[in-house]
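Visitor:
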Amino acid sequence: LEVRVGTDIVPIAFESVNRMNILTGDIVFVRNREMIPADLILLASANDGGSAYVETSSIDGETNLKLRNSPHLPAQGPGALASTSCDSLLNGDNGPESLKHAVQRI
(Lines of atoms letter the chains of each structure in order from A and count residues from 1; the text may use other names and numbers.)
(Lines give C-alpha, C1' and ligand atoms only; values in the text may rest on other atoms or scores of the structure.)
Protein backbone atom coordinates (compact mmCIF):
# COMPACT_ATOMS: atom_id res chain seq x y z
CA LEU A 1 0.00 0.00 0.00
CA GLU A 2 1.30 3.46 -0.85
CA VAL A 3 0.11 6.87 0.30
CA ARG A 4 1.02 10.33 -0.90
CA VAL A 5 2.58 12.62 1.73
CA GLY A 6 3.00 16.03 0.15
CA THR A 7 4.76 15.29 -3.12
CA ASP A 8 6.31 12.01 -1.94
CA ILE A 9 4.85 8.51 -2.30
CA VAL A 10 5.47 6.56 0.90
CA PRO A 11 5.04 2.76 1.10
CA ILE A 12 3.25 1.46 4.20
CA ALA A 13 2.63 -2.09 5.34
CA PHE A 14 0.94 -3.83 8.24
CA GLU A 15 2.42 -6.82 10.03
CA SER A 16 1.07 -9.15 12.69
CA VAL A 17 2.78 -8.75 16.05
CA ASN A 18 2.15 -10.03 19.56
CA ARG A 19 0.47 -7.49 21.80
CA MET A 20 3.53 -7.41 24.08
CA ASN A 21 5.49 -6.03 21.10
CA ILE A 22 3.19 -3.04 20.49
CA LEU A 23 5.11 0.14 21.30
CA THR A 24 4.10 3.74 21.89
CA GLY A 25 3.57 5.41 18.52
CA ASP A 26 2.68 2.21 16.66
CA ILE A 27 -0.36 2.34 14.40
CA VAL A 28 -2.60 -0.63 15.17
CA PHE A 29 -5.15 -1.90 12.66
CA VAL A 30 -8.16 -3.44 14.46
CA ARG A 31 -10.93 -5.23 12.60
CA ASN A 32 -14.56 -5.47 13.61
CA ARG A 33 -15.13 -7.62 16.71
CA GLU A 34 -11.40 -8.00 17.44
CA MET A 35 -10.13 -7.43 20.95
CA ILE A 36 -8.23 -4.15 21.25
CA PRO A 37 -4.74 -5.12 22.40
CA ALA A 38 -3.68 -1.89 24.16
CA ASP A 39 -4.72 1.64 25.07
CA LEU A 40 -5.38 3.19 21.67
CA ILE A 41 -6.54 6.44 20.14
CA LEU A 42 -9.08 5.97 17.36
CA LEU A 43 -7.56 7.64 14.28
CA ALA A 44 -10.09 6.43 11.72
CA SER A 45 -13.02 4.10 11.25
CA ALA A 46 -14.85 2.71 8.24
CA ASN A 47 -18.15 3.60 9.93
CA ASP A 48 -20.11 6.73 9.08
CA GLY A 49 -18.56 9.80 10.65
CA GLY A 50 -15.40 7.97 11.73
CA SER A 51 -17.03 6.51 14.83
CA ALA A 52 -16.77 3.11 16.48
CA TYR A 53 -18.57 1.34 19.30
CA VAL A 54 -16.18 -0.19 21.83
CA GLU A 55 -16.97 -2.77 24.51
CA THR A 56 -14.97 -2.14 27.68
CA SER A 57 -16.23 -5.00 29.88
CA SER A 58 -12.74 -6.45 30.38
CA ILE A 59 -11.59 -3.08 31.75
CA ASP A 60 -14.49 -1.68 33.78
CA GLY A 61 -17.03 -4.51 33.91
CA GLU A 62 -19.65 -2.51 31.99
CA THR A 63 -21.27 -4.48 29.16
CA ASN A 64 -22.77 -1.55 27.26
CA LEU A 65 -21.01 -0.28 24.13
CA LYS A 66 -19.30 3.10 24.25
CA LEU A 67 -19.21 5.39 21.23
CA ARG A 68 -15.75 6.62 20.26
CA ASN A 69 -15.12 9.16 17.49
CA SER A 70 -11.98 9.80 15.47
CA PRO A 71 -10.68 13.37 15.23
CA HIS A 72 -11.59 15.35 12.12
CA LEU A 73 -9.38 17.77 10.24
CA PRO A 74 -10.79 21.05 8.95
CA ALA A 75 -11.66 21.13 5.25
CA GLN A 76 -8.77 23.53 4.62
CA GLY A 77 -6.22 20.83 5.58
CA PRO A 78 -3.57 20.50 8.29
CA GLY A 79 -2.31 24.07 7.82
CA ALA A 80 -5.59 25.42 9.18
CA LEU A 81 -5.19 23.69 12.55
CA ALA A 82 -3.64 26.77 14.16
CA SER A 83 -6.81 28.79 13.54
CA THR A 84 -9.24 25.99 14.49
CA SER A 85 -10.48 25.42 18.02
CA CYS A 86 -10.06 22.02 19.64
CA ASP A 87 -13.82 21.85 20.20
CA SER A 88 -14.58 22.02 16.48
CA LEU A 89 -12.00 19.29 15.77
CA LEU A 90 -13.32 16.96 18.48
CA ASN A 91 -16.98 17.57 17.69
CA GLY A 92 -16.55 16.95 13.97
CA ASP A 93 -17.92 20.35 12.95
CA ASN A 94 -16.12 20.01 9.63
CA GLY A 95 -17.82 16.79 8.55
CA PRO A 96 -16.64 13.21 8.62
CA GLU A 97 -13.14 12.33 7.52
CA SER A 98 -12.78 9.37 5.19
CA LEU A 99 -10.65 6.36 6.14
CA LYS A 100 -8.49 6.99 3.05
CA HIS A 101 -7.86 10.60 4.13
CA ALA A 102 -7.00 9.50 7.68
CA VAL A 103 -4.43 7.00 6.38
CA GLN A 104 -2.88 9.73 4.23
CA ARG A 105 -2.81 12.03 7.26
CA ILE A 106 -1.02 9.42 9.34
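For the sequence shown, the working numbering gives the first residue as 963, with consecutive numbering after it. Just so you know, even glycine gets a beta-carbon here, dropped at the ideal spot from N, CA and C.
Going by CA-CA distance only, name the one from Asp970, Glu996, Asp1001, Ile974 that's closest to Leu985.
Guide: Cα-wise, what sits closest to Leu985 is Asp1001.
Visitor: Between the alpha carbons of Gly1012 and Ile971, how many angstroms are there, rounded?
Guide: Taking the straight line joining both Cα atoms gives about 25 angstroms.
Visitor: Identify the residues that DSSP records as bridge partners of Ile971: which are they?
Guide: Note: Ile971 sits in a beta bridge opposite Arg966.
Visitor: State the Cα-Cα distance for the pair Leu1027 and Arg995, rounded to the nearest angstrom.
Guide: Taking the straight line from one Cα to the other gives about 12 angstroms.
Visitor: Taking Cβ positions, are Ala1014 and Ser1020 nearer each other than 8 angstroms?
Guide: Result no, Cβ atoms of Ala1014 and Ser1020 do not sit closer than 8 angstroms.
Visitor: Can you tell me the Cα-Cα spacing of Asp1010 and Pro1033, whole angstroms?
Guide: Roughly 13 angstroms separates the two Cα atoms.
Visitor: Tell me the rounded alpha-carbon separation between Arg981 and Leu963.
Guide: Computed Cα separation, rounded: 23 angstroms.
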